[in-house]
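Working notes, beginning with the structure itself.
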Amino acid sequence: MAIDIKICGLRTDAALDAALANGASHVGFIFFPKSPRHVEPALAGRLRQAAVGRASAVAVTVDADDPFLDAIVRGMAPDLLQLHGNESPARVAEIRSRYRLPVMKALAISEPADLATIPAYRNVADRLLFDARPPAGASLPGGNGAAFDWRILADVERGLDYMLSGGLDAGNVREALALADPPGIDVSSGVESAPGHKDPALVAAFFRAVRAAGKHGAA
């Protein structure tokens, strides 16, 4: 069975090449100055050219205002916008309408009760992303290397289009796939040698682990 695989937080040609060479279906660029993975729109726009026809380029933002989103869309020309902050359903719908681009909304998960937020977003976002709720005091909404109990997702309605994120790496992705059986997965810090520095060897190992689990990705 094929699933989507997103490598997020890309900043260099080498990192992007590793993601594409291993068969990533989505490549993510983060626009959040507090993150060690932050990039400027012009750099993302240049890098994403290598992904044209090979993978969907995703612009990841956190409670971005319209001027910032305008600059990102103009400079990068993303295929998809990922909203990773506290955007309300109304804001998600507004952004989707304004830019006429598909939108993926990230939801923070730590316990079964957090799944109650799904109905409010499922009809306004094109896809959802379930990420681990950030640890107390964390400055980043994602990319913290934290995971949640994937068994929580056993209660998710079948057919819901989502990606699983949060603390995934080559050592645990097989377990995550077995427990949650998600349509897609998203990894960032789990394929890094240091915050913001993707390691091609770790990227390749992640894809090998996914293949070993019988999930072959989009390529």
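Start counting the sequence shown at 16; every next residue gets the next number (the working numbering).
Note that beta-carbon positions come from the ideal geometry of N, C-alpha and C, so glycine has one too.
Buried or exposed by the 16-neighbour rule on C-beta atoms within 10 Å, applied to residue i
| i | result |
| --- | --- |
| alanine 227 | exposed |
| lysine 12 | Residue coverage of the chain in this structure runs from 16 to 234, which leaves residue 12 outside it and unanswerable. |
| glycine 157 | Only weak support exists for where glycine 157 lies, its pLDDT of 49 falling under 50; the value from the coordinates is given anyway. Glycine 157 comes out buried. |
| arginine 52 | buried |
| proline 82 | exposed |
| serine 180 | buried |
| alanine 216 | exposed |
| leucine 143 | buried |
Reduced DSSP category for residue i - H, G, I as helix; E, B as strand; rest coil
| i | result |
| --- | --- |
| glycine 181 | coil |
| arginine 173 | coil |
| glycine 157 | Reliability of the predicted coordinates at glycine 157 is poor, the pLDDT of 49 falling under 50, and no value is obtained from them. |
| arginine 240 | This structure does not reach residue 240, given that the chain is present from 16 up to 234, and the question cannot be answered. |
| glutamate 207 | strand |
| glycine 60 | helix |
| phenylalanine 44 | strand |
| aspartate 118 | Note that residue 118 corresponds to valine in the displayed sequence, not to aspartate. Valine 118: strand per DSSP, three-state reduction. |
| alanine 30 | helix |
| proline 51 | coil |
Unbroken alpha helix (DSSP H) run spanning residue i, endpoints
| i | result |
| --- | --- |
| alanine 74 | Not the alpha helix (DSSP H): alanine 74 falls in the beta strand (DSSP E), residues 71-76. |
| arginine 89 | 81-91 |
| aspartate 195 | Just to set this straight, residue 195 is alanine in the shown sequence, not aspartate. Note, alanine 195: alpha helix (DSSP H), 188-195. |
| isoleucine 133 | 133-137 |
For residue i, the first and last residue of its enclosing beta strand (DSSP E)
| i | result |
| --- | --- |
| aspartate 201 | 199-202 |
| alanine 162 | Run containing alanine 162: none; DSSP gives neither H nor E here. |
| leucine 95 | 95-98 |
Bridge partners - residue i, DSSP secondary structure assignment
| i | result |
| --- | --- |
| isoleucine 124 | Ala147 |
| lysine 21 | His41, Asp201 |
| histidine 212 | Ala209 |
Exercise. So, do the stretch 166-176 and the stretch 202-212 have three or more beta carbon pairs nearer to each other than 8 Å?
Worked result: no
Exercise. Counting pairs of beta carbons, one from the stretch 81-100 and one from the stretch 27-39, are three or more of them closer than 8 Å?
Worked result: no
Problem set entry | the stretch 50-64 / the stretch 106-121 touching (three or more Cβ pairs under 8 Å) | no
Exercise. Taking contact to mean at least 3 C-beta pairs separated by less than 8 Å, is the stretch 187-197 in contact with the stretch 130-141?
Worked result: no
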